[in-house]
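Just below is one structure, and these are the notes that go with it.
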Amino acid sequence: MVNNTEANSMESERQSYVSKAWIVGMLERICLQLELPEALSEEAKQLYYQIEAWFGAGSQSRLSNIRIFPHGSFKLGTTTKPYGQEEFDIDLICQFDYSPFDITPKQINRMIGDRFRAREDYANGLEPLKRGWRLKFRHKFNFDFIPAIQNTFDRKGGLLVPDYKQADWIPSHPKRFADRFDFYALFKPEFKLERGLLVNTKITPLSKPFEFKDYLKRFVQILKRHRDIYFHNQDQKLSPSSTIITALTAKAYRACVTRSSYSSEIDVLTDVLHHMNDHINVFYVDGKKRFDIPNETTEEENLADLWNDRPECAEAFDTWRNSLLDILRKIKKLQTPSLIREMLSQAFGESVVNLIFENYTDQLHNTRI
């Protein structure tokens, strides 16, 4: 027979879980609002297929062997609309059948730019990037093209892409990166609290337990969104790249869920964020602090290479990470919808959070978590 102390403890634990699950539901809705809609995703695919065919039909024979395919968030399923921007950013690889002895990064980028400028509607939306080109389609998306050639020294089908100065080719393997990410996403957290304990909890439909649609993908989206908000009024060059966020989140996620069990989904997210730094190697060379984030899928690629030129970027990453950790630790203790709304707005943007809460105004009015 359960005594009063045990009953109160169980009820407290249940209500804490309900509160956290309700917050997870809000975070899930934020991700749904910010990710690329399916219809727009299909439109993007058709459009870059058309660009690939148009390139191949040109008179420049050196560009006729092009193959365009997605990488980054579009490939991984972690798209997040940039803060203050209507268009989604879609990363694309332009692969050509050349060896590094045939062509330089600057030469291939010059040919790509010339080809785009040959068509007026493309030329009007063309912008140079550090490693390639951006093609803008107003109110829809930006295509960020990076040229690539086959890495003849990689037996596993790797590629070579330009470095940030377009001075040399560096190894990359976007397909293996995506495969590794998808593999890590297969791991699922183990929860201490039996979901059956929540069956008899008297809560409104909005407050029912929620789960993330896909833990790892949602975690990456949440971190990227907060990154965008946090650095919006700061030096954008200090903002950590989506590649670094994705790689560290994936590594920390796998490590955390294979060694720990949790009380709720938001506790998993907090633990992953806490352990991201475990996967950053820090060492000293001639008295200078150096950073290394190995790309597991590309030998000798250091994702933190830029941090070694600008160590303030590493400091900014840690400050941002600690900021989100602080928010998550505070929000887990809240049980009032109005306070949760306020903190979510600060962390992820007032407009998207207001939209979500306004859709459930009537339910929120009567909700007591």
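Mapping to the working numbering: the sequence shown position 88 is 108, numbers consecutive. For glycine and all other residues, C-beta sits at the position ideal for the given N, C-alpha and C.
From the options, residue whose alpha carbon lies closest to that of residue i
{"i": "residue 231", "options": "285, 370 and 331", "result": "285"}
{"i": "residue 245", "options": "40, 364, 89 and 125", "result": "364"}
{"i": "residue 260", "options": "330, 90 and 125", "result": "330"}
{"i": "residue 110", "options": "197, 104, 125 and 90", "result": "90"}
{"i": "residue 252", "options": "343, 104, 143 and 79", "result": "104"}
{"i": "residue 268", "options": "249, 315 and 250", "result": "315"}
{"i": "residue 274", "options": "369, 311 and 200", "result": "200"}
{"i": "residue 295", "options": "149, 344 and 151", "result": "344"}
{"i": "residue 171", "options": "378, 318, 337 and 43", "result": "318"}
{"i": "residue 238", "options": "51, 36, 38 and 125", "result": "51"}
{"i": "residue 311", "options": "292, 58 and 335", "result": "335"}
{"i": "residue 188", "options": "125, 102, 368 and 360", "result": "125"}
{"i": "residue 142", "options": "249, 164 and 340", "result": "164"}
{"i": "residue 55", "options": "44, 79, 68 and 107", "result": "107"}
{"i": "residue 367", "options": "305, 71 and 347", "result": "347"}
{"i": "residue 332", "options": "371, 379, 254 and 236", "result": "254"}
{"i": "residue 379", "options": "167, 37, 147 and 53", "result": "53"}
{"i": "residue 65", "options": "303, 42 and 112", "result": "112"}
{"i": "residue 205", "options": "186, 306, 235 and 184", "result": "235"}
{"i": "residue 256", "options": "359, 340, 77 and 70", "result": "340"}
{"i": "residue 166", "options": "306, 271 and 114", "result": "114"}
{"i": "residue 233", "options": "59, 49 and 145", "result": "49"}
{"i": "residue 92", "options": "338, 307, 337 and 202", "result": "202"}
{"i": "residue 138", "options": "74, 186 and 197", "result": "74"}
Where residue i falls: helix, strand or coil (DSSP)
{"i": "residue 322", "result": "strand"}
{"i": "residue 118", "result": "coil"}
{"i": "residue 378", "result": "helix"}
{"i": "residue 329", "result": "helix"}
{"i": "residue 277", "result": "helix"}
{"i": "residue 176", "result": "coil"}
{"i": "residue 138", "result": "coil"}
{"i": "residue 146", "result": "strand"}
{"i": "residue 48", "result": "helix"}
{"i": "residue 237", "result": "helix"}
{"i": "residue 208", "result": "coil"}
{"i": "residue 310", "result": "strand"}
{"i": "residue 53", "result": "helix"}
{"i": "residue 69", "result": "helix"}
{"i": "residue 301", "result": "strand"}
{"i": "residue 222", "result": "Its pLDDT being 45, under 50, residue 222 is placed unreliably in this model, and the coordinates cannot settle the point."}
{"i": "residue 282", "result": "strand"}
{"i": "residue 261", "result": "coil"}
{"i": "residue 245", "result": "helix"}
{"i": "residue 194", "result": "helix"}
{"i": "residue 387", "result": "Its pLDDT being 49, under 50, residue 387 is placed unreliably in this model, and the value from its coordinates should be taken loosely. The answer is coil: DSSP assigns residue 387 none of H, G, I, E or B."}
{"i": "residue 227", "result": "With a pLDDT of only 47 at residue 227, under 50, the local geometry of the prediction cannot be trusted, and the value read off the model is given with reservation. Note: residue 227 maps to helix in three-state DSSP."}
{"i": "residue 373", "result": "helix"}
{"i": "residue 317", "result": "coil"}
{"i": "residue 40", "result": "helix"}
{"i": "residue 339", "result": "helix"}
{"i": "residue 123", "result": "coil"}
{"i": "residue 452", "result": "Outside the modelled stretch of the chain, which goes from 21 to 389, sits residue 452, for which no answer is possible."}
Strand pairing of residue i, partner residues [DSSP]
{"i": "residue 162", "result": "109 and 156"}
{"i": "residue 390", "result": "With the chain covering only 21 through 389, there is no way to say anything about residue 390."}
{"i": "residue 189", "result": "182"}
{"i": "residue 168", "result": "115"}
Short Cβ contact (8 Å threshold) for residue i with residue j
{"i": "residue 212", "j": "residue 262", "result": "no"}
{"i": "residue 191", "j": "residue 174", "result": "yes"}
{"i": "residue 128", "j": "residue 136", "result": "no"}
{"i": "residue 169", "j": "residue 153", "result": "no"}
{"i": "residue 361", "j": "residue 373", "result": "yes"}
{"i": "residue 265", "j": "residue 279", "result": "no"}
{"i": "residue 63", "j": "residue 88", "result": "no"}
{"i": "residue 150", "j": "residue 184", "result": "yes"}
{"i": "residue 242", "j": "residue 47", "result": "yes"}
{"i": "residue 101", "j": "residue 352", "result": "no"}
{"i": "residue 249", "j": "residue 369", "result": "yes"}
{"i": "residue 283", "j": "residue 37", "result": "yes"}
{"i": "residue 292", "j": "residue 276", "result": "yes"}
{"i": "residue 298", "j": "residue 272", "result": "yes"}
Within-8 Å CB hit, residue i to chain E
{"i": "residue 117", "result": "In summary, chain E is missing from the structure at hand, where a single protein chain is found."}
beta-carbon residue i near the ligand COA non-hydrogen atom, thresh 7 Å
{"i": "residue 209", "result": "For the ligand COA, the structure offers nothing, since it holds no ligand at all."}
(request) Please determine if the stretch 326-338 and the stretch 79-91 are in contact, where contact requires at least 3 C-beta pairs separated by less than 8 Å. (result) They do not touch, by the three-pair rule.
(message) Tell me whether the stretch 170-189 and the stretch 106-120 touch, counting them as touching only if at least three CB pairs, one residue from each stretch, are closer than 8 Å.
(response) Yes, they touch.
(message) With a threshold of 8 Å, are at least 3 pairs of Cβ atoms found where one atom belongs to the stretch 150-158 and the other to the stretch 88-96?
(response) Because the criterion of three Cβ pairs below 8 Å is not met, the stretch 150-158 and the stretch 88-96 do not touch.
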